[in-house]
């Protein structure tokens, strides 16, 4: 009986020791949504990047932000459902340049700093973003 108890105790401790998802380590939905809202404002207010929102209505901008939040929450391990298009379809024809991409990363880093994202999580987010670059940047 003691052996069974010890085995169950070891198994349960292993389950507890399982590492948290990036979603959990970032603080969950509310913290990710706040960070991305800050990031989205930075992007829209930039003189170079603002062109992507110049002729969009407020409802379209709000929907885009919600899709961004859903996408990031979903891809970092949250249970949020993402119902948007894939990245190539979403960004084709936008003529996103390497210069735009560098500004995008600059503002992402600023928002992560503002929200005190730890180095490990920042690296994971930047690695993830780098994996999307080829499906977003069209102009070298």
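Numbering (the numbering used here), first residue to last: 24 to 163. We put the CB at the ideal spot given by N, CA and C, even for glycine. Computed from a prediction, not measured in an experiment: that's the story for all the values here.
Just curious, the alpha helix (DSSP H) that residue 52 is in, first and last residue? Along the chain shown, read from residue 1 onward, the residue named residue 52 stands at position 29. Looking at the DSSP string, the run of the alpha helix (DSSP H) that includes residue 52 is 51–68.
Burial state of residue 46 (16 or more Cβ within 10 Å): For the purposes of this step, residue 46 is identified with residue 23 of the chain shown, where counting begins at 1. Within a 10 Å sphere around the beta-carbon of residue 46 sit 16 or more other beta-carbons, which makes this residue buried.
Beta-carbon proximity list for residue 134, same chain, < 6 Å, skipping 5 on both sides: Stepping through the chain shown from its first residue, residue 134 is reached at position 111. These residues qualify, in order along the chain: 58, 61, 62.
Quick one: residues in its chain with C-beta nearer than 8 Å to the C-beta of residue 107, no 5 flanking neighbours on either side, listed in chain order? For this step, residue 107 is matched to residue 84 along the chain shown. For residue 107, where only same-chain residues beyond five positions count, the Cβ hits under 8 Å are 90, 93, 94, 113.
Once you ignore the five residues that flank residue 140 on each side, which residues in its own chain have a CB closer than 8 Å to its CB? Translated into the one-based positions of the chain shown, residue 140 becomes position 117. Cβ within range, chain order: 49, 58, 148.
Burial state of residue 56 (16 or more Cβ within 10 Å): The count along the chain shown starts at 1 and reaches residue 56 at position 33. Under this definition residue 56 is a buried residue.
C-beta atoms of residue 161 and residue 110 nearer than 7 Å: Working through the chain shown from its first residue, we reach residue 161 at position 138. Working through the chain shown from its first residue, we reach residue 110 at position 87. At a Cβ-Cβ threshold of 7 Å, residue 161 and residue 110 do not count as neighbours.
Counterpart residues of residue 120 in DSSP-defined beta bridges: For the purposes of this step, residue 120 is taken as residue 97 along the chain shown, with counting starting at 1. 162, per the DSSP bridge assignment.
Based on Cα-Cα distance, which residue from 163, 75, 131 lies nearest to residue 146? Within the chain shown, the letter at position 123 stands for residue 146. Cα-wise, what sits closest to residue 146 is 131.
Proximity of residue 69 and residue 128 at Cβ, strictly below 7 Å: Start at 1 with the first residue of the chain shown, and residue 69 comes out as number 46. Start at 1 with the first residue of the chain shown, and residue 128 comes out as number 105. Cβ distance not < 7 Å, so residue 69 and residue 128 don't count as in contact.
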